[in-house]
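Asker:
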């Protein structure tokens, strides 16, 4: 084991030693640590002194220390432990002398106070033998191991030289010797005060015992005084009666009176004893009842506390139950809402399917209407072409009529007489033809104007239907994305679809009517 730790290997094997032995061994070890020369570069007793001669190695020093062989310049000296023991013994002797002086002073002051408080001799004789053995014990007993500690005496020159040095502890912490001396002084003062307190406590205990004894003796003395006074009074009465000379009749009367008084006193004594016994019984019953009352009060308080706790728990459970009920109601309502919404979603899905079918049907009808419109537009174009052809034909006819008139005028000059009848017939025929052609043209112009107006109306209706279809599609998309909030929003798309269907039917009826009219036009031509 290293010498730095300062622990011997024997210490590990001594597991069965007592606490006091361990304490003594540790004190000796600390004393050896205190006595060693602990100089470092930052802490020296005399920094100006010369270097010491050759020092032994740590192993040799440990060897010499364990065998109590100390060498200094090849000379064997006494171990520092012996020096410390001498210093410690001198310190113990000084402490004993101081304690003896203090105890004598305290005893003298106590005797003085005792003589003032207890002037009688018998009390002092009772008290003195109680105190003497305790002081003899305190004077005869040496200091115990715990009281010795690591105190040092200030008169020793070896320790006075080492006040500026320090000691190395087991935890490698340097402690100044001055601090150790202060601690030892404080411990001495504390031990001295503790001894004083113990002595005072012993004195107070003895005083209590003396006071108890004196109180018992005084009570017994008072009882004896009362008995003696009663006996003296009886004897005085007897002497008074014996000194007086009474006749027989008066003696009998006195005896009877005495017997009456005796009976009265006995009755009074019995009554007083009965009262005392009743009072004792009452006090006992009161004490028992008070104890029972206290017990019942404690039980009542406990029950009250338990009841309050139970009430609080009941309130908490009630609140929890109400909360759970509200939660359950919320869950039930949510479930009902979920079921209702699920049903509504199913209905909306069905309606969406129906609306999709209606939308497809409307799209088909729209395509048919588009085809019909395309056919109507083709027919209108044909009718316009026919109208242009008729106008060209009318122009050619007018040119021919002008030419014929010119020819007729020339012929009329020639053959006025012969050809008047034929010309008049031809002119009538031509005028009839022109009138018929004009009428047909006017009727065709009217029909074209009506067809144009109807086409404009149909295109407007078609555009409105397309807009409504777009709105229906947008509403269907919004219905598929969002849940229904109100019942009125459910009927809006249905109304829009019905309106679209009605408009489509109206448009189809108009288209059929126009197709029938267009079919009859070629017959007129």
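In full-length UniProt numbering, the protein residues as written are 1 to 525.
Every residue, glycine too, gets a C-beta built ideally from N, C-alpha and C.
Model, not experiment: these values are computed from the prediction.
1) Quick one: measure Cβ to Cβ for residue 394 and residue 355, integer angstroms, because I've assumed they're closer than 8 Å.
2) Kindly indicate the opening and closing residues of the alpha helix (DSSP H) around residue 185.
3) Just how far apart, CA to CA, sit residue 258 and residue 229?
4) So the candidates are 189, 434 and 333; which of them puts its Cα closest to the Cα of residue 390?
5) Would you say residue 448 and residue 375 are within 8 Å of each other, going by their C-beta atoms?
6) Measuring alpha carbon to alpha carbon, tell me which of 462, 401, 347 and 453 ends up nearest residue 432.
7) Can you tell me which of the three DSSP states residue 311 falls into?
8) What would DSSP say about residue 57, mapped onto helix, strand or coil?
9) Between residue 473 and residue 315, what straight-line distance do the alpha-carbon atoms span, to the nearest angstrom?
10) Less than 8 Å separating the beta-carbons of residue 451 and residue 380?
11) May I have the straight-line CA-CA distance separating residue 444 from residue 387, to the nearest angstrom?
12) Quick check on the burial criterion: 16 or more other C-beta atoms within 10 angstroms. Buried or exposed for residue 267?
13) Let's test the definition: count the other Cβ atoms within 10 Å of the Cβ of residue 224 and tell me whether it reaches 16, buried, or not, exposed.
14) Work out the CA separation of residue 322 and residue 294 for me, nearest whole Å.
15) Using the Cα positions of residue 18 and residue 24, report the straight-line distance between them to the nearest angstrom.
16) Could you tell me the distance, in whole angstroms, from the CA atom of residue 194 to the CA atom of residue 285?
17) One question on the structure: do residue 346 and residue 476 come within less than 8 Å of each other, judged by their Cβ atoms?
18) Determine the direct distance from the alpha carbon of residue 65 to that of residue 79, and round the result to whole angstroms.
19) By the 10 Å Cβ neighbour count, where 16 or more other Cβ atoms means buried, how is residue 34 classified, buried or exposed?
20) Using the C-alpha atoms, what's the distance from residue 196 back to residue 208?
21) Can you say whether residue 264 is buried or exposed, counting buried as having 16 or more other CB atoms within 10 angstroms of its CB?
22) Would you identify the three-state DSSP class for residue 292, choosing helix, strand or coil?
23) What's the gap between the Cα of residue 410 and the Cα of residue 426?
24) If you run the structure through DSSP and keep just helix, strand and coil, what is residue 18?
25) Here's a check: name, in chain order, each residue in its chain whose Cβ is nearer than 7 Å to the Cβ of residue 457, leaving out the five neighbours to either side.
26) Quick one: is residue 362 buried, meaning 16 or more other Cβ sit within 10 Å of its Cβ, or exposed?
27) Out of 269, 478 and 221, state which residue places its alpha-carbon closest to the alpha-carbon of residue 349.
Answerer: Let me spell this out:
1) Rounded to the nearest angstrom, the Cβ distance from residue 394 to residue 355 is 55 Å, too far for a contact under 8 Å.
2) From DSSP, the alpha helix (DSSP H) with residue 185 extends over 177–243.
3) The alpha-carbon atoms of residue 258 and residue 229 are separated by roughly 20 Å.
4) Ranking 189, 434 and 333 by Cα distance to residue 390 puts 434 first.
5) In this structure, the beta-carbon distance from residue 448 to residue 375 does not fall below 8 Å.
6) Per the Cα distances, 401.
7) The answer is helix: DSSP assigns residue 311 an H, G or I state.
8) Correct three-state label for residue 57: coil.
9) If you take the alpha carbons of residue 473 and residue 315, they lie about 58 Å apart.
10) Yes.
11) Those two C-alpha atoms are separated by around 8 Å.
12) Exposed: under 16 other Cβ atoms inside 10 Å.
13) With a threshold of 16 other beta carbon atoms within 10 Å, residue 224 falls short and is exposed.
14) Distance between the alpha carbons of residue 294 and residue 322 is about 41 Å.
15) So the two alpha carbons sit approximately 10 Å from each other.
16) When rounded, the separation of the alpha-carbon atoms in residue 194 and residue 285 is 47 Å.
17) The Cβ atoms of residue 346 and residue 476 lie no closer than 8 Å to each other.
18) Note that residue 79 has pLDDT 43, beneath the 50 cutoff, so the model's placement of it is unreliable and the number below is only indicative. Cα to Cα, the separation comes out at about 8 Å.
19) Buried is the call here.
20) The straight-line gap separating the alpha-carbon atoms of residue 208 and residue 196 is approximately 18 Å.
21) Looking at its Cβ environment, which holds fewer than 16 other Cβ atoms inside 10 Å, residue 264 is exposed.
22) The answer is helix: DSSP assigns residue 292 an H, G or I state.
23) Cα to Cα, residue 410 sits roughly 16 Å from residue 426.
24) In the three-state reduction of the DSSP assignment, residue 18 falls in the coil class.
25) Excluding positions up to five away in sequence, the list is empty.
26) Buried, by the Cβ-count rule.
27) The alpha carbon of residue 349 has as its nearest neighbour, out of 269, 478 and 221, the alpha carbon of 478.
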